[in-house]
Every structure is written in structure tokens, then in C-alpha cells.
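A short write-up of the structure that comes next.
2 protein chains.
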Amino acid sequence: MRGTVIHAPGDIRVEDLPEPQIEQPTDAVIRLAATCVCGSDLWPYRGLNPVKEPHPIGHEYVGTVEQVGAEVRTVRPGQFVVGSFFASDNTCQICRAGYQTGCVQRDYIVGAQAELLRVPLADGTLVATPGRPDPERVPSLLAASDVLGTGWFAAVAAQVRPGASVAVVGDGAVGLLGVLAARELGAERIIAMSRHADRQRLAREFGATDIVTERGEEGVARVKELTGGLGAHSVIEAVGTQQSMLQAVRATRRGGHVGFVGVSHDVSLDGSELFASLVHLHGGPAPVRSYLPDLVERILRGAIEPGKVFDLTLPLERAAEAYDAMDSRRAIKVLLQP
Amino acid sequence: MRGTVIHAPGDIRVEDLPEPQIEQPTDAVIRLAATCVCGSDLWPYRGLNPVKEPHPIGHEYVGTVEQVGAEVRTVRPGQFVVGSFFASDNTCQICRAGYQTGCVQRDYIVGAQAELLRVPLADGTLVATPGRPDPERVPSLLAASDVLGTGWFAAVAAQVRPGASVAVVGDGAVGLLGVLAARELGAERIIAMSRHADRQRLAREFGATDIVTERGEEGVARVKELTGGLGAHSVIEAVGTQQSMLQAVRATRRGGHVGFVGVSHDVSLDGSELFASLVHLHGGPAPVRSYLPDLVERILRGAIEPGKVFDLTLPLERAAEAYDAMDSRRAIKVLLQP
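If you're matching them up, the sequences are chains A and B in order. Numbering-wise (numbering that gives the first Met the number 0), the first sequence opens with residue 0 and increments by one. Numbering-wise (numbering that gives the first Met the number 0), the second sequence opens with residue 0 and increments by one.
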């Protein structure tokens, strides 16, 4: 089968790879209907995470089950499925508390930018749709697999409540879908922090009521101006840098909530500042599986259209172009068709 | 009047000071029935916080209202009152959300180790008891003014729930009262981390079900052993050092909650570790005022006896000895009688 391999920073190739097989009785193999490039894939692409040796890449996926192991009970060949970017058993205490990315059996999904994908712990990782979805829903279902689920978790972690003021740091796909999640969760004021016209437009479409173009301390000052001098009730952090984390903490009112989902890179938080800020801080790898049934349902009834974050679609063979387009910010997010 | 002044690290003196006056129409002046030394007073005493110039010290207090300003409505001369260590208006949006230590008008209480104390924003800071309390309740009411309220906030911030497992890092008065708060909030298993026999005894009396004497990684491993390998649902951090914060984060299960109330000193949290841990982190200066009505009621009906943390009582004149006894760990907490 054809699949994407990262060889080194900047070196993405689509190659012939062995077809994935059922390795454990809890595995499934799925044929991908669509996959995509994640903001977090850009870290190794940019050389900010090391690439020790060439390896298959990609962790966002929707598709049709081809094969299941002997112990798989909840999905069967022929079903259309959406899955999380982390495999989880969905039965341990941590999963039952809603933290499938902390599952005691958790496993990474690797190599989803391909024709076929092995998904471990299929029962606890995949969610089947009722029937085969309309092709126009596929991009939105694909978004649910990671970026929507992550933006949603960020909004939940930031305790977005009806009537709340929300600020969103980061205008990538996750930040934009954090805006959408905040709107769905009833936020009254949603402040998107963005400097890019295309992303501002999508943020507005997803529910942003205000756009702040300033960053750092100026950005914080603008958010405070817009929230009666106090800062936002809830702030979503969707970048993962020192600057974005500080911007998020400082734009939050005392007693408010920061939900952070940008994968942290060289972030160090000062204890005294955190202490004085009185904010709640919660985040990490989003337990997408926890939200998938609800998100799939919202998508299929047309309540939300997160697939709008895909502003470029390419055949899988052109994965290298997809990375380049996202790296250079020519595209927000690229869908790949196997 | 007589009052305590810190002149330099290790140099505590009780001196003649001018009597505090009503300065703002929202002030009250109270005659102290009891005051005490706080763990946080030891930071300047030990030279770990600078003492730029001599200043009155102390922020924990109960007593009788002597005088009120023209705008004070909820307390009147002759009433016995308990107050928070931060003054707050208790009417702003931040206060109404339960974060009086983040009040837009907040002010420090300074100079409570004295005969008389000026309390700003009296209506929003003080709580009057119904009638004059039995003298044997006074130490417990004094504890409510800071250490009980702080331990309580830590337990609330750590989301202690009925049936939860709770670990408490720190065996000072706040940690011990965190144990008591966890018990009151319904925790099933309460693991106190302590190496001192007297504090272990009090922890057991307050509700600890297990004592862990190990620290650092060994302490974390012991907490995990006691919690099915997962870590505690809720961890209270009541020290404020790098080691204690890491111990708290690492002893918490994924998706669990850390409530931190130890005043942070040179603490730096690594973003990647926090991200991967999936814990909730919340803390800061405890909004004691938020809990005072409930805590006073629990004390007066005899449900809790937090005053047991005072294992030494001295006349105010001997404040220097009180500091020395706490600094050398001969006493957990010293009550001073003006």
C-alpha cells in the first residue's frame, strides 16, 4: 500500500509500505476514506522535534473497517468509523473518568497518512457511524478525529459555560475549532486572537464575536478591555509556546480557567505567577474518544461543520506539498485523499 | 498599643505602636482575642523573602469590633468577628465567583500580631459569630481565619469528592487542615505525607487513613501503590517548593486534580510534563472569606476542631519565641494572646 514516511525534517515521501495486519486480537485494520496533516506533524517537519529514523506519520483518520481481531465486539468489517489519535481501552478507571488519552493501555496511532491503518484497541478507540455518511460530511468527521475533539476538549478544560467570555490563543485548526466549541457550549463573547484574514473570517463563521490582532502583553490588554478589565472567564491555548501560554494565563480573570492543548515546547511556568493568577489550568492530549459520539452526532445532523478548516485537498501522493502548504501557512489544514 | 514588628530576618520584636484608626469609611478596628504565626511569616523570618524595612507583621485574627467607619453595614462594635487574611469587597464579579483573594479592591491585612487591627473593607472581609463564642472555640475560629480556610480551599481546588483518594503533600498546619477538609468533603482514603510523629498523630486525628514518610519519587511511588497504581484522584500541595509541586503533580492520576496553596518559591513547572500529566492545576491565595460562614458554623456546632493545630500558646509579648518555635519545628503553630 502507499503511505507517508518522514525521513528527516522537510523530507516527506509517499512510498510503498507493507500492508498493516491484525497483530493483536483487539486490533482493527481500516481503509482510509480521508486523512490529513496535523499541526503537531509540523514539529518534526520543522526539525523542532527530532526525527531519529524514517517512520510512517499521521494520526487523523476516518474510513471503513476491513478486518477486525477475534476479540473486537463493537465494530465490524464494512462499517464507517471515526477514531481518536490515541488508542484506548475505554474501560479502565482513567478512561471511565473521561481521560482516554491517559488510558492505562493507551497506544499511539501512527501512520494514518496512508491507504490502510492498523488501529489498536479498536473497541475503545473507534466509533462507527450509523450507515455510510454522505461524502460531504467526511471532512467534518475527519476533523472530529483530532482537531475538533482537541478544540472541544480545550473548551471543556477551560470550563466554557453559557454566557461566558472566552478568548482563544492560536488561529490554527484547533484554535478555530475551539471557537466553534465555545459557541456550541454557549459562550456569549468569543475573542479570537488572529492576524490572518482567512483565519479571522473562519473564526467569525465559527462564532467569534471579536478579533484581536495584538499579541503578548498588548493582546492581553485588549482582551481585558473587552472583558470589563477582568480578563476572560475561559481562555483556550492552542499553540504550545512560552508566549502563547503566558498570553493565555494573563488573559484569564482571577478564578478563571485556561484550557491548553497546544503541544508544549520549551514552556516553563513560573510558580509565583501561577499562584498569584488564581487561574485553573488544565490541558494535555485531548481525550477525543470521550467526545466522539456527541461530535459525530452533531456533525451528522448538520449542527456543526468543522470540516471547513480544510482549505486544501490533495491526493495522498502529494503529501509533501500538503506539509509545505501548512508549514508556509498557505493552508490552514490539508485533507489528503488516499 | 503593643504590636509585633519584623526588623530583619530572625529579628522579631514586640513594641509600642500607634493605635490603628479608621482611615476609610469601610474600615473596622478590632481588638484581637487571639492571633498567631503563619508558615508564610517564616519566609521573611528565614530571610527567604527580603525584609526591606521594619514593618508590623501578622494576618490571622479573631476579635471584637471596637469601631467601624460610616459605611460599614454588616458588623458593629461589640460583635465577635473572624476575618480573612485578605480584605475584599465581596461584591465585585471576582468575589461573587468565589475568589475574594482576587477581588478588584483586595488589600492585604498587615499587623495582626498586635492588640488592635485595622481591617479594610470590613463588610466584605469580616464574618460575625452569633453571640460571643465559648473561649474553647476561639483557637478553632482563629484557625478559620487562614490555615483552615486555606486547607479547605486546597481540598476544594483539588476537587475532593465523596469516595475520592486524596494525598496531602506538607504536614504543616495547612496540610493537616487539608486532611481535615478532605475528610469533611467525604474522601475515602486520605494519605498524609509526613515524617514527624506529632504531625502524623494529628493527621490521623483529622482523618488520615494512611501515612507516607517517603518523599520525592519514592513518595510518589508509595502513593501510587496505595491507589491501584494510578495515583490519587486529588492531591493537596501545602509547601510551595519545586520538590513539593513535582511530588504533587506526579502523585496525581491522569485527569486528577492538584490543589496548591503553598506560597510558591522558585517553582518552575515544565510545560511538557504538565501537558503529559493531564492533571488539573488550581491554587493560589485561598479565598477564605468564601468559606468562612460555613467553617464558622461547623466550628460552633463542634463538627470540626481545627484549633488543635495550635500546640503552643504564648502571650503576645513572647512573639519572638513563637517564631523560633515554629522555625525550629518545635511547634506546629503558635497561638498568641494579646
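Idealized CB from N, CA, C, for every residue including glycine.
Minimum Cα-Cα distance from Val167 (chain B) among the listed residues B:Thr25, B:Gly306, B:Ser276, B:Val257 corresponds to B:Val257. Contact of Gly97 (chain A) with chain B by beta-carbon distance below 9 Å involves Gly254. By the beta-carbon neighbour count (other beta carbons within 10 angstroms, threshold 16), Glu296 (chain A) is exposed. The C-beta of Glu236 (chain B) has 16 or more other C-beta atoms within 10 Å across all chains shown, which makes the residue buried.
Under DSSP, Val257 (chain B) takes part in a beta bridge, and its partners are B:Val234, B:Leu280. Just measuring C-alpha positions, the residue of A:Ala27, A:Ala324, A:Ala250 sitting nearest Thr226 (chain A) is A:Ala250.
Taking C-beta separations shorter than 6 Å and ignoring five residues to either side along the sequence, the partners of Val178 (chain A) in its chain run Val167, Ile189, Ala191, Ala202, Phe205, Gly206, Ala207, following chain order. Annotation: Val308 (chain A) to Cys35 (chain A) spans about 11 Å, alpha carbon to alpha carbon. For Phe79 (chain A), the closest Cβ of chain B is not nearer than 8 Å. According to the DSSP assignment, Ile93 (chain A) belongs to the alpha helix (DSSP H) that extends over 92-95.
Fewer than three beta-carbon pairs drawn from the stretch 241-255 of chain A and the stretch 242-249 of chain B are found closer than 8 Å, and the two stretches are therefore not classed as touching.
Around the CB of His279 (chain A), 16 or more other CB atoms lie within 10 Å, so the residue is classed as buried.
One alpha carbon belongs to Ser164 (chain B), the other to Ala113 (chain B), and they sit about 40 Å apart. If you draw a straight line from the Cα of Asp106 (chain A) to the Cα of Val61 (chain A), it is about 18 Å long.
By the Cβ criterion, the stretch 286-295 of chain B is not in contact with the stretch 4-18 of chain B, since fewer than three pairs of Cβ atoms, one from each stretch, lie closer than 8 Å. Annotation: Ser243 (chain A) is outside any beta strand (DSSP E); the continuous alpha helix (DSSP H) that includes it extends over 241-249. Phe79 (chain A) sits close to Arg131 (chain A), with the two beta carbons spaced by under 8 Å. The C-beta of His58 (chain A) comes no closer than 8 Å to any C-beta of chain B. Leaving aside the five residues that flank Pro53 (chain A) on each side, the residues in its chain whose CB is nearer than 7 Å to its CB run, in chain order, Val4, Ile5, His6. In the displayed model, Phe274 (chain B) falls within a helix according to three-state DSSP.
Burial state of Leu47 (chain B) is exposed, judged by a 10 Å Cβ sphere holding fewer than 16 other Cβ atoms.
In summary, Gly162 (chain B) is exposed, with fewer than 16 beta-carbon neighbours lying within 10 Å of its beta-carbon over all protein chains present.
Residue range 287-299 is occupied by the alpha helix (DSSP H) that includes Glu296 (chain B). Secondary structure of Asp106 (chain B) (DSSP, three-state): strand. Secondary-structure assignment with DSSP links Cys35 (chain A) through a beta bridge to A:Leu334.
In this structure, the beta-carbon distance from Leu41 (chain A) to Pro337 (chain A) does not fall below 8 Å. For the stretch 244-275 of chain B, the set of positions with a beta-carbon nearer than 9 Å to some beta-carbon of chain A reads Met244, Arg252, Arg253, Gly254, Gly255, His256, Phe259, Val260, Gly261, Val262, Ser263, His264, Asp265, Val266, Ser267, Leu268, Asp269, Gly270, Ser271, Glu272, Leu273, Phe274, Ala275 in chain order.
For Arg1 (chain A), the enclosing beta strand (DSSP E) begins and ends at 1-7.
When A:Arg45, A:Pro286, A:Gln23 are compared, the shortest CA-CA separation from Ser327 (chain A) is found for A:Arg45.
Remark: fewer than three beta-carbon pairs, one from each stretch, lie closer than 8 Å, so the stretch 257-270 of chain B and the stretch 211-229 of chain B are not flagged as touching.
Following the DSSP letters along the chain, one finds Tyr322 (chain B) inside the alpha helix (DSSP H) bounded by residues 318-326.
One thing to note: Thr149 (chain A) has its Cβ within 8 Å of the Cβ of Val287 (chain A). For the pair Val260 (chain A) and Thr212 (chain A), the Cα-to-Cα distance works out to about 21 Å.
Against Leu277 (chain A), the close residues of chain B are Ile93, Tyr98, Thr100, Gly101, His281, Gly282, Gly283, Pro284, Pro286, in the order they occur along the chain (beta-carbon pairs closer than 9 Å).
Straight across, the Cα-Cα distance linking Gln92 (chain B) with Ser193 (chain A) is about 28 Å.
If you look at Ala127 (chain A), you'll find it in the beta strand (DSSP E) that goes 125-127.
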